[in-house]
Amino acid sequence: MTDMTAAPEEMVETLESDSFLRDTIRVFRKNKMAMLGLILVSLLFFVAFFIPIISPHDPYRVALGEQFLPPSSTYWLGTDNFGRDLLSRILYGARISLLVGIVPSFISLMIGAVMGIISGYYGGRIDFIIMRLADTMIAFPSLLLAMVVMYTLGANLFNIFIALSLVGWAGVARVVRSQTLALKEKEFIEAARAVGTTRAKIMVRHIFPNIVPTLIVLFSLSIPEAIMWESSLSFLGVGVQPPEASWGLLVAKGKEYLFASPLVAIMPGVAILITVLAFNFIGDGLRDALDPYMKD
Numbered sequence: 001m002t003d004m005t006a007a008p009e010e011m012v013e014t015l016e017s018d019s020f021l022r023d024t025i026r027v028f029r030k031n032k033m034a035m036l037g038l039i040l041v042s043l044l045f046f047v048a049f050f051i052p053i054i055s056p057h058d059p060y061r062v063a064l065g066e067q068f069l070p071p072s073s074t075y076w077l078g079t080d081n082f083g084r085d086l087l088s089r090i091l092y093g094a095r096i097s098l099l100v101g102i103v104p105s106f107i108s109l110m111i112g113a114v115m116g117i118i119s120g121y122y123g124g125r126i127d128f129i130i131m132r133l134a135d136t137m138i139a140f141p142s143l144l145l146a147m148v149v150m151y152t153l154g155a156n157l158f159n160i161f162i163a164l165s166l167v168g169w170a171g172v173a174r175v176v177r178s179q180t181l182a183l184k185e186k187e188f189i190e191a192a193r194a195v196g197t198t199r200a201k202i203m204v205r206h207i208f209p210n211i212v213p214t215l216i217v218l219f220s221l222s223i224p225e226a227i228m229w230e231s232s233l234s235f236l237g238v239g240v241q242p243p244e245a246s247w248g249l250l251v252a253k254g255k256e257y258l259f260a261s262p263l264v265a266i267m268p269g270v271a272i273l274i275t276v277l278a279f280n281f282i283g284d285g286l287r288d289a290l291d292p293y294m295k296d
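Going left to right, the sequence shown walks through residues 1 to 296 as the UniProt record's numbering numbers them.
Below, the structure written as structure tokens:
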């Protein structure tokens with residue numbers, strides 16, 4: 001008898017999930033800017049994965065006799081102050097930007113989600129402690145706090161992950177907490193409590209799945225923010241260190257030769273701009289697609 005009743009319920013849940021996914025994809029595809037962002041980000045991932053194959057030159061090869069060459073059929077964007085191919089260095093910088101955008105954003109998202117669910121569900125003293133900690137993190141300018149962490153731990157890519165993960169979780173925690181406060185008063189949560197479901201299971205099985213759409217949007221919007229932070233840290237000299245090809249580092253070095261060879265500073269900045277806009281377009285598209293009121 002149990003199996004006969006369970007099967008229809010599972011079928012209904014599957015159909016509802018399929019319908020939700022179809023509606024989400026349909027709304028997202030209707031957003032032209034979101035689709036443009038998706039194409040640009042897909043190209044960025046393609047470049048990051050296949051850069052050793054598609055890179056026209058070795059980005060670390062120094063040729064002092066070829067400094068500041070103008071764009072040509074050999075060097076499409078010219079060369080920098082060490083005679084290195086600017087296009088190759090920008091392409092290699094895409095890999096660093098994606099790593100810095102995705103890894104710290106995911107870590108801070110998970111930390112913020114866990115802290116927000118615990119804070120909102122338990123309330124009381126636990127809620128007070130977590131929210132005051134989040135307020136303390138938010139009170140400090142994110143870039144300044146990241147710089148302090150980098151100065152303390154040292155300037156390298158791994159420490160950038162740590163710094164950006166620490167500064168990014170507080171905002172996520174506040175958003176998740178507000179959603180948890182609303183969800184825990186719903187009837188299905190009350191029913192779960194009534195049948196003796198533990199708090200941990202309620203948070204994992206009932207609350208977390210209902211905040212996943214919000215987390216997806218927050219994740220897509222936090223990636224460009226992390227890319228901007230890394231570029232700023234590298235520009236200030238406390239991020240990725242030479243000879244790595246970080247976009248922020250390329251801009252920092254290129255500004256010294258802005259009038260002699262403008263492309264050395266301008267093109268990495270253009271790469272940052274396009275990447276940030278592309279991820280923001282995707283985030284806006286996902287926000288609209290996952291909003292039930294946007295589905296007609």
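Ideal placement from N, C-alpha and C gives every residue a C-beta, glycine not left out.
Check residue 152 in the structure and name its three-state DSSP category. helix
Three-state secondary structure (DSSP) at residue 80? coil
Same chain only: Cβ atoms within 8 Å of residue 127, ignoring 5 sequence neighbours per side: 119, 120 and 177
Looking only at C-alpha atoms, which of 162, 151 and 273 sits nearest to residue 238? 151
Whose C-beta lies closer than 7 Å to the C-beta of residue 24 among residues of the same chain, with five residues either side of it excluded? 289 and 290
Curious, which full-length alpha helix (DSSP H) runs of at least 4 residues does the segment 174–198 contain? 187–194
Can you grab the Cα-Cα spacing for the pair residue 98 / residue 195, in whole Å? 45 Å
DSSP beta-bridge partners of residue 297: Lying outside 1 to 296, the shown extent of the chain, residue 297 is not represented and no answer is given.
Spell out a yes or no on whether the segment 154–171 and the segment 200–214 are touching, meaning 3 or more CB-CB pairs, one atom from each, closer than 8 Å. no
Assigned exposure category for residue 167 - 16 Cβ within 10 Å defines buried: buried
Alpha carbon of residue 229 to alpha carbon of residue 143, nearest angstrom: 7 Å
Segment contact flag, the segment 31–38 with the segment 72–86, C-beta cutoff 8 Å, min 3 pairs: no
Does the distance from the CB of residue 89 to the CB of residue 48 come in under 8 Å? no
My output table needs one value for residue 140: the three-state DSSP class, helix, strand or coil. coil
Output the distance between the C-alpha atoms of residue 68 and residue 79, rounded to the nearest integer angstrom. 5 Å
Quick check on this structure: which residue in 266, 187 and 275 has the alpha carbon closest to the alpha carbon of residue 225? 275
Compute the distance between the beta-carbons of residue 174 and residue 116, then report whether it is under 8 Å. yes
If we ignore side chains and look at the alpha-carbon of each, how far apart do residue 328 and residue 104 end up? No information on residue 328 is available, as it lies outside the stretch 1 to 296 that the chain covers here.
State the start and end residues of the unbroken alpha helix (DSSP H) segment that holds residue 224. 208–235
Do residue 227 and residue 101 come within 8 Å of each other at the CB atom, strictly closer than that value? yes
Spatial neighbours of residue 272 within its chain, please: C-beta separation below 8 Å, excluding the five flanking residues on both sides. 97, 227, 228, 231, 247, 248 and 251
C-beta contact flag for residue 59 and residue 92 at 8 Å: yes
Enumerate in chain order the residues of its own chain whose CB-to-CB distance from residue 31 is below 7 Å, with the five nearest sequence positions on each side excluded. 285 and 288
Just the C-alpha distance for residue 145 and residue 132, rounded to the nearest angstrom, thanks. 17 Å
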